[in-house]
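Asker:
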């Protein structure tokens, strides 16, 4: 199975107005075709932001995404609040534990050729940062040509069985 990440990766930062290069989503393919990767943003100035990561894959799969942030001083300049994480149509509710915040999604459908989106919304207090991970397990769905060959094969086997039964009926009768 060929693995490809097509299209583009786009970041748009709401109040900050920055755009990041596609290389900021670092994906690695495993021997079985599954993908894992990471993304993030640092040095976010004070204010609300929305970062959008888009990617297109050429195979079907199931995806998971997570994002985390931490700080040493709540309400300090490196504090960042994760307001939401959305991966395609799945929305995660952020969880805060002390000065750490995280959110994750699971079981997100990946459609070949479709644009997939991971959207992080948050609020930085001056120098915030977050890190995220992405995993995609490829689905073993046959391609259309594979289905066609399989159906032709079943038809050929059926034809051989039918002819064999006709020959056996003639030789017995």
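Numbering (UniProt numbering), first residue to last: 1 to 173.
Idealized CB from N, CA, C, for every residue including glycine.
None of the values given here were measured: they were computed from a predicted structure.
Report, in whole angstroms, the separation of the C-beta atoms of residue 126 and residue 77, which I expect to be a contact under 8 Å.
Answerer: In the chain shown, the residue the question calls residue 126 occupies position 126. In the chain shown, the residue the question calls residue 77 occupies position 77. Confirmed, about 4 Å.
Asker: Suppose contacts are defined by Cβ-Cβ distances below 8 Å. Is residue 94 in contact with residue 103 by that definition?
Answerer: For the purposes of this step, residue 94 is taken as residue 94 along the chain shown, with counting starting at 1. For the purposes of this step, residue 103 is taken as residue 103 along the chain shown, with counting starting at 1. Yes.
Asker: Per DSSP, residue 65 forms a beta bridge with which residues?
Answerer: Sequence index remark: in the chain shown, residue 65 carries index 65 (1-based). In DSSP, residue 65 forms a bridge with 105, 134.
Asker: For residue 176 and residue 124, which I take to be in contact (beta-carbon distance under 8 Å), what is that distance rounded to the nearest angstrom?
Answerer: Residue coverage of the chain in this structure runs from 1 to 173, which leaves residue 176 outside it and unanswerable.
Asker: Please work out which residues of its chain come closer than 6 Å, Cβ to Cβ, to residue 157, disregarding the five sequence neighbours upstream and downstream, and give them in chain order.
Answerer: Counting from 1 along the chain shown, the entry for residue 157 is found at position 157. None.
Asker: Let me see if you follow: with CB-CB separation under 8 Å, is residue 35 close to chain B or not?
Answerer: You won't find chain B in this structure, because it holds only one protein chain.
Asker: Provide the residue(s) that pair with residue 159 in DSSP beta bridges, ordered along the chain.
Answerer: If you number the chain shown from 1, residue 159 lands on position 159. The partner list for residue 159 (beta bridge, DSSP) is empty, contrary to what the question assumes.
Asker: Please report the residue range of the beta strand (DSSP E) in which residue 86 lies.
Answerer: Locating residue 86 in the chain shown gives position 86, counting from the first residue. It spans 80-87 - the beta strand (DSSP E) in which residue 86 sits, taken as one unbroken run.
Asker: According to DSSP, is residue 43 part of a helix, a strand, or is it coil?
Answerer: By 1-based counting over the chain shown, the position of residue 43 is 43. Strand.
Asker: Find the nearest neighbour of residue 89 within the set 133, 49, 153, 107, judged by alpha-carbon distance.
Answerer: Mapped onto the chain shown, residue 89 falls at position 89. Per the Cα distances, 107.
Asker: Grab the span of the beta strand (DSSP E) containing residue 116 for me, first residue to last.
Answerer: The count along the chain shown starts at 1 and reaches residue 116 at position 116. Its beta strand (DSSP E) spans residues 115-124.
Asker: Hey, quick one: how far does the beta strand (DSSP E) through residue 28 stretch, first residue to last?
Answerer: As a first step, residue 28 is located in the chain shown; it is residue number 28 there, counting from the start. Segment 26-29, the beta strand (DSSP E) holding residue 28.
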